Each structure stands twice: as structure tokens, then as C-alpha cells.
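Asks: Structure incoming, see below.
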DNA sequence: CATGAATGAGGCTTCATTCAT
DNA sequence: AATGAATGAAGCCTCATTCAT
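Chains as they are written, first to last, in our numbering: chain A, 2 to 209; chain B, 2 to 209; chain C, 2 to 209; chain D, 2 to 209.
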């Protein structure tokens, strides 16, 4: 029984396409993905995909944009969550949301983080930009939650810490894949812990 | 005037080809690299490349193998360096060698670490194997240098720490690209520092 | 704000479509024109265009037919113009009308004269037929206005002269594009002049 | 029996390709020609065509260039022919060579003269340039052979006359296709005759 | 050893055309 | 009357790979 409908409104089809594309691009390099496989997975044909998303690069860009925005939104919502307990740590909440996204949306994360690291290919430009925006978001999170802790070079230090946090989260997420017995929540705690620990060690060091 | 010689002995030509290929594969996906461009960069023609390395996959495999072995050898040599001072920390020396390789051989590292992260492509198998061997090497390094510190789950914990160390090193190396004012040596120290710090924090935690 | 009206009577919409199509077909080959662009320029959608004109070939045919008839009608009206002065030369009037059309309706003329010169394409059949009808019209004009001047092979000679007149008019029209300082009227006079001059020279030549 | 050889030197294959392409482009619009048909007609495969000529546009450009140069060379050789009789008219010789080319190389002429008249397509740029060069060549021919006859606006007038001569030759050549009984030589004579007759009529007119 | 010549296979993209509403 | 949705078919171009010299 095919559940995929014929004749869907554009908005829905477009999302299905991006869903399929995220999966495809997470599985292999940009160049190893064939547009046809995306079309089939989305229950349509190549021409429709081109009609909506313009080009293979357009497909990729749409993926990166949608998933990047989702991740950033997830972090922000967690940080500003009005239901959070009063004494709760916003940095912890933000990092938790971040790690939850990274582990719970492997495919999105792979596209965002891994596929951006290619030089000189036009399709990588958007990915690279989005990668930076994500890094900045985490950096801002750290900055805004640790005022004063970092000393003079706040922004720069926060950026480096953000990179470390992100790559650590990535390593943890990878680890989870091979070790399903571990609890993601515990892992999330550790990412936050490590970040805090780095922060504390910065207090004594004049510069990293 | 071409400086590349005609009629070189096989071993030399092969190395030139692999040099060219590492550069090429570091610049973009496996699929975005054309065999012809490798041949040209190596100062030969396509048929010769095929004669020596067999296929595109063979070229890639040769790259991964050579660079992987070089990295592993570099770590081992540093750890067992007979010229090292008596009180010197072997873990520190090993991590330093590792980080030195990662930053000093960007192209090799990119091929080794980034191009391996693709599923379902035959060419990725060797890379994935080599990636694991590198992780294991770092894991062994940690294990052998911290006997007792990690508690019961020594090996497993060491592996996780190795992953974090490697991904952190990768993040630092990236950071260096955007911040040339930082000293690679200082960064190397920090990678080691962070690893140690994680190790210490493990002593108190019941399980990661 | 779209100025094109929705829900127009069929005849009007059809004319708008043909207008748009003539413009489109004058700009490039038959094959370089997309039906969608015609639909858009006509303020409708593709299905409507198909509903009215049947197929791309149908669109092209409609253009050729309409513009061809317009040109022929223009010549005839000029020749038989009841308001023309008594001693006026009908050949001159006809040639003038012809040239006026050619320069004043560049797009129509381009479709009629240039797009017909393709072999083996079904869409060219109608254009070719219309091209011949136009030639014949000019040939008839010459024949009917110069009875006796041409000698025995009247019709054949008139046809050749018609071809020369037409291609000369085309050359003049092209020339006008690059030299806006020239007056179309003067050019029209010259086309007629040249035709007359050829006619006179035929009188003495035994055979062209 | 296939006469086409496998494994030909590049220079030869390239010429065969251009031969095939001229034929193909003369038969229909640029867009109606498929690269594969050119490859087949040249006894090769598409990739080889692309390897040598780069792109469809490159194929077209190569045709226009080669045939244009041939035509221009033919005119020049005829004009400067050292074997020509002393009292012979160079204009007549040049026009004869021109007309001989136009009728004897229908396909080349069609590509040069007809396929250039498309706006806004990149492939037409070279054709347009070559078309102009041919016109200029004929214009120069007229100028250099009629010093003083044209009055003050020599160059401009010569250009207009060149256009008329060319379009007339085109009309004659077309006519010959439908009337094989006519002698090309006689036609060539008429083209020259008409050009001279126009020239003479210019002597009295102050400006065309 | 070395390479110029050649191609099968496959991917991106476009377009005329139809359907269902 | 009108159109948003959808696609089969086809064309341009690239690339890994093989021969024959």
C-alpha cells in the first residue's frame, strides 16, 4: 500500500523532497547522491524536484537551511524556555538541546557538519555559512551564560570553546552509534560538564 | 619548461602520484576528483596511473594507507623516542606528535579523517579501517600511559577519550586555519591538557 | 499589478498569445522558445495555450499564418488603393507597402522569412508555404505591373526578380537597424528603384 | 564497407567532425542539431567530439570560423590571382569567387549567413562576427575596385552595396537550387552586373 | 615505460505535454 | 474558462577506464 499521495500541494511536496534529500546527503558525498534517488524517495519525479528546488545545489541548500534553522531554533527555545525552573542553568539547557538535536537528528547533523567541509565547491558555500551560524549560536550561548568568566578575549575564547563543544558533541554522538547501551542524556550531561570544566580552567589561564 | 622528469623509476612515480592524489582528495569529495587531474599533477598520463595504481579506488586506498601509516608511525616514534628526557610524559609526546601531524599535514589529515565518513561506498572501507586504526592508536596511547587511572572499563573509556581527543584536535586544527596568530605548539599543549583533564574527571565519575 | 485581464473572450486571448509567440519566435530558433514563456508573456498558463492552439507547432503555425496574411493583405490593399492618384505607379505602391511591412514589423518578418529556412522540420512546412506565397505575391505584383517588359519567360523571370527584391528588402531592413539615420521611406524608394532597374536591364538581356 | 578509420590523428578527426557539423547545422537550427548525430556522422563518439571541440557551442564556433576563413581566403586569392589576365576586372574576379563559394558550398554558406541571425544566444556571437567580416571583405573589394566612383561616403556606401550584393547572391543561390537548368556562371555574371549597375547609378545620386 | 585516441555508462537539466480540480 | 501539479523523453556533458602504438 503506497501511502504517498499523488497531487500534493507544493508546500508539502517540498518538505518531503527535503526530507528525502537530507537522508540522501547524509549517506554520502554531495556528488554521490543522484537527484533521481531523491525524487523517488520523495514519491515524485525528477522534473518536479527541479521545478521546486531549481537544481541539485538548490536541493542541498534547502536542506542545509532548513536543518540549520531547526537546530538554531531548538537551542533558542531551550534557552528561553519559560517553563524552565528558576534556578536552572540556561547554558546546560542550551547544550542539552544542542546535543539532543545532534544525536536525535543524525542525518541533519551530518549534512550540516560534515558536508560543509569541502573547498571550492559552490554547493558548500551555504553549508559553510550555516555551519558558522551554528557555531556562533553556541558561542553566543556560552558568552551570554558566563559573563566575566572568560576574561578579556571573551568573544574569541567563546568561539574556540564553541568549536570544542561542537566537535566533542559530534564525537559523543558518533560514539553513541556504536554503543547503544549509553544514555544520550548522560552524554548530554557530559558535554555540558566538559564545557564547564574548560570554562573553569580558563579562569586561571590568561589566554588559551 | 616541465620540471617533472620523464622515465622515472616506478617507486618514485608512484609516490608522486600519491602526493598529487592526496592533495586532490583533500580538496573535495572522492567523486569530485578526476583521475586525469591526478595524472596531470603527477606529471604523467592517465594510463600510467592506472598501470600503477589499478583504479580510482586503488588510488584513494593508496593515499589512505600511506598517510595513515605515516601518522601512526609518527606517534609511535614520538612515544618511544630514545632521545626523550627521562621524566618526560610519553602521553604528552604522543599527543604532541599527533597534533603536529594533524596541523602540519592538513591534506593527509583531511583525507584520513573527513573522507572516511561516508557510508555504503566501497572506496570508504579502507579509509574507515584506517580511521579506526588511528583511533585505536590514540586509544592505546592513552591506555598505556594511564594504567589504573581509568578504572575497570579501561579500554572502552580510553576509546571514548581517544575519539574526543581526535575530534578536539581536528577542531583546533581548523581553528588554527582561521587564526594564524595562534601557535600550533600551544594548541598541541592544550589538546593534551584537555585530555588529561578529562582523565582526571573520570577518576571520580562512576561511569562515563 | 497585472494589467492583463482574466477571463477574456477566446478570440482576444488567442491574439494575445500569437502576439507573444511572434515576439518569442523572432528572438530565437523555434527550438529555443519555451511554450511557458509564451504563456507568461500572454498572461495565461500553459494549459490554456494548449487548449487554444493545440501544440507548440500549432502556435508557430498560427503566427506564420496570421503575419503572412497581414503582409499579403497590406500589399494588396496598397496596390488596389482606390484613393491612390491616377498616374501613380501600382508597383511602386506595392513595393512600398511591402517594405513598410518588413521594416515596421521586424518580428513578423523575421518569423516569416528567417524561421522558414529550415529543412526537415515539420514545423517549417507551413512557414515555407507562406514564404512561397509571399514571394508569389511579389512576383504577381511585378508581372501584373510590367506586362510585356519581361519577354517570353514572364512568370519565371518575375519570380526571380521577386526573390531578389525580397532579399534586397531584407538587406535594407537589416541595414536600417544599424543606421537609424536613414529614412525608411528613402530605402523603400531604393528597393523599388533597384527592381525597376533590374527590369529594364532584362529587356536587353536574352535570358537571365 | 566502412571507410572511416578508427584511431585517426587528432587533426584529421577534428576536420571530419567539423565537416559533419557544418552539414548538420546547415540542415536545421542550432538547437535542432544533436551532438550525437554529429559524432556519428564523423565516425566517432560524443565524448571524443567533446574532448576536441569542448562543447556544442565550440563545435558551432569551429564551423563558422573554418568556413568563414575559407570564404574570405577564396575571395582574396581570386582578387590577387597572379595568373589573371592583365586587363581583367578584379571586382569581377572577386565577386565570381564569392558567388562560386556561395553556390558550391551551400552548407557552409547557410551556416555562415543564416544561422547568425539569432539574437541573444551566445552561440550566435561568433557567427555574427564572421558574418560581418565577410560583409566587410566584400565591402573592401568594392571600395578598392571602384575608387572615386562612390563619392564622399565611400565606405558606408560600399558597405550597403556589399550587403545588397551578398543578399542578391544568396537569392540567386537559392534560385539555383530550384532551377538546376540555370548556369552558376551566368548567375555569377549577373551578380557582378547588378553590383556594377548599382555602382553606376550611385555616380549620379548624391547619396543613396 | 609511456601515451594519444577512444568510448560506454551515467548524471544533471529542460521541455512539451497531460491531468485533475 | 483556467491552472497548479506532475512527468516521459530527450539532450548536453563528464568521467572512469581501455586499447594500440
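Every residue gets a Cβ at the ideal spot worked out from N, C-alpha and C, and that includes glycine. Note that the coordinates shown come from a computational prediction; the quantities given were computed from them, not determined experimentally.
Whose CA, out of 29/C, 68/C, 42/C and 179/C, lies closest to the CA of residue 115/D?
Replies: 29/C
Asks: Among residues of its own chain, excluding the 5 on either side of residue 169/A, which ones have a beta-carbon nearer than 7 Å to its beta-carbon?
Replies: 192 and 195
Asks: Quick one: is residue 120/C buried, meaning 16 or more other Cβ sit within 10 Å of its Cβ, or exposed?
Replies: exposed
Asks: Using a Cβ cut-off of 9 Å, pull out every chain A residue sitting near residue 165/B, in sequence order please.
Replies: 168, 169, 172, 173, 176 and 195
Asks: Go through its chain and collect everything with a Cβ distance to residue 141/C's Cβ below 8 Å, but skip five positions before and after it.
Replies: 159
Asks: Which residues in the same chain have their Cβ closer than 6 Å to the Cβ of residue 55/B, if we skip the five residues on either side of it in sequence?
Replies: none
Asks: Using a Cβ-Cβ cutoff of 8 Å, what residues of the stretch 115-138 of chain A are near chain B? List them in chain order.
Replies: 115, 118, 119, 120, 121 and 122
Asks: Identify the continuous alpha helix (DSSP H) that holds residue 31/D and give its terminal residues.
Replies: First-last for residue 31/D: undefined, no H or E at that position.
Asks: Going by CA-CA distance only, name the one from 97/B, 31/B and 60/B that's closest to residue 14/B.
Replies: Closest option to residue 14/B, Cα to Cα, is 60/B.
Asks: Is there a C-beta anywhere in chain B that falls below 8 Å from the one on residue 209/A?
Replies: Because residue 209/A sits at a pLDDT of 43, beneath the cut-off of 50, its placement in the model cannot be relied upon, and the point is left open.
Asks: Give a yes or no on whether the C-beta atoms belonging to residue 200/B and residue 156/B are separated by under 8 Å.
Replies: no
Asks: State the Cα-Cα distance for the pair residue 181/C and residue 161/D, rounded to the nearest angstrom.
Replies: So the alpha carbons of these two residues sit roughly 14 Å apart.
Asks: When we look at the beta-carbon of residue 88/A and count the other beta-carbons within 10 Å, is it buried (16 or more) or exposed?
Replies: exposed
Asks: Would you say residue 109/C reaches chain D, if we count a Cβ-Cβ gap shorter than 8 Å as a contact?
Replies: Closer than 8 Å: no.
Asks: Just to confirm the assignment, what range does the alpha helix (DSSP H) spanning residue 82/A have?
Replies: Where residue 82/A is concerned, there is no enclosing alpha helix (DSSP H), given that its DSSP letter is neither H nor E.
Asks: Kindly indicate which residue of 78/C, 53/C and 185/C has the alpha-carbon position closest to the one of residue 9/C.
Replies: 53/C
Asks: Can you grab the Cα-Cα spacing for the pair residue 166/D / residue 179/C, in whole Å?
Replies: In this model, residue 166/D and residue 179/C are separated by some 18 Å (Cα to Cα).
Asks: Distance cutoff 8 Å, beta carbons only. Does residue 2/C sit that close to anything in chain D?
Replies: Note that residue 2/C scores 39 on pLDDT, short of 50, meaning its location in the model is unreliable and no value can be drawn from it.
Asks: Which same chain residues, not among the five before or five after residue 65/C, have their C-beta less than 6 Å away from its C-beta?
Replies: 127, 128 and 131
Asks: Residue 158/B touches chain A at which residues, Cβ-Cβ below 7 Å?
Replies: Those do not exist, as residue 158/B stays about 11 Å from chain A at its closest Cβ, beyond 7 Å.
Asks: Taking all protein chains shown into account, decide if residue 69/C is buried (16 or more other Cβ within 10 angstroms of its Cβ) or exposed.
Replies: It is buried - the Cβ of residue 69/C has at least 16 other Cβ atoms within 10 Å.
Asks: List the residues of chain A that residue 202/B touches, going by C-beta distances under 7 Å, in chain order.
Replies: 198
Asks: Is residue 93/D close to chain C, meaning its C-beta is less than 8 Å from at least one C-beta of that chain?
Replies: no
Asks: In whole angstroms, give me the CA-to-CA distance for residue 18/D and residue 38/D.
Replies: 10 Å
Asks: Is the stretch 71-84 of chain C touching the stretch 93-102 of chain C in the sense that three or more CB pairs, one from each, lie closer than 8 Å?
Replies: yes
Asks: Count the other CB atoms, across all protein chains shown, that sit within 10 Å of the CB of residue 187/C; report buried if there are 16 or more and exposed otherwise.
Replies: exposed
Asks: Is the beta carbon of residue 103/B less than 8 Å from the beta carbon of residue 163/B?
Replies: no
Asks: Answer with yes or no whether the minimum CB distance from residue 28/A to chain B is below 8 Å.
Replies: At least one chain B Cβ lies under 8 Å of residue 28/A.
Asks: Identify each residue in the stretch 38-72 of chain C for which the Cβ-Cβ distance to at least one residue of chain D is less than 7 Å, and report them in chain order.
Replies: Taking 7 Å as the upper bound on Cβ-Cβ separation, chain D lies near no residue of the stretch 38-72 of chain C.
Asks: For residue 22/A, which option in 144/A, 112/A and 48/A has the closest C-alpha, if you only look at C-alpha atoms?
Replies: Residue 112/A is the option with its Cα nearest to residue 22/A.
Asks: So which residues of chain C does residue 32/D contact, with C-beta pairs closer than 9 Å?
Replies: 29, 30, 31, 32 and 33
Asks: Return the Cβ separation of residue 73/B and residue 122/B in integer angstroms, given the expectation that the two are a contact with Cβ distance under 8 Å.
Replies: So it is not a contact: roughly 23 Å between Cβ atoms.
Asks: Can you tell me whether DSSP reads residue 9/D as helix, strand or coil?
Replies: coil
Asks: CB-CB under 8 Å to residue 171/C, same chain, minus the five flanking residues each way: which ones, in chain order?
Replies: 103, 110 and 114
Asks: Pick helix, strand or coil for residue 130/C, following the three-state DSSP scheme.
Replies: The answer is helix: DSSP assigns residue 130/C an H, G or I state.
Asks: Quick one: which chain B residues come within Cβ less than 7 Å of residue 161/A?
Replies: 176
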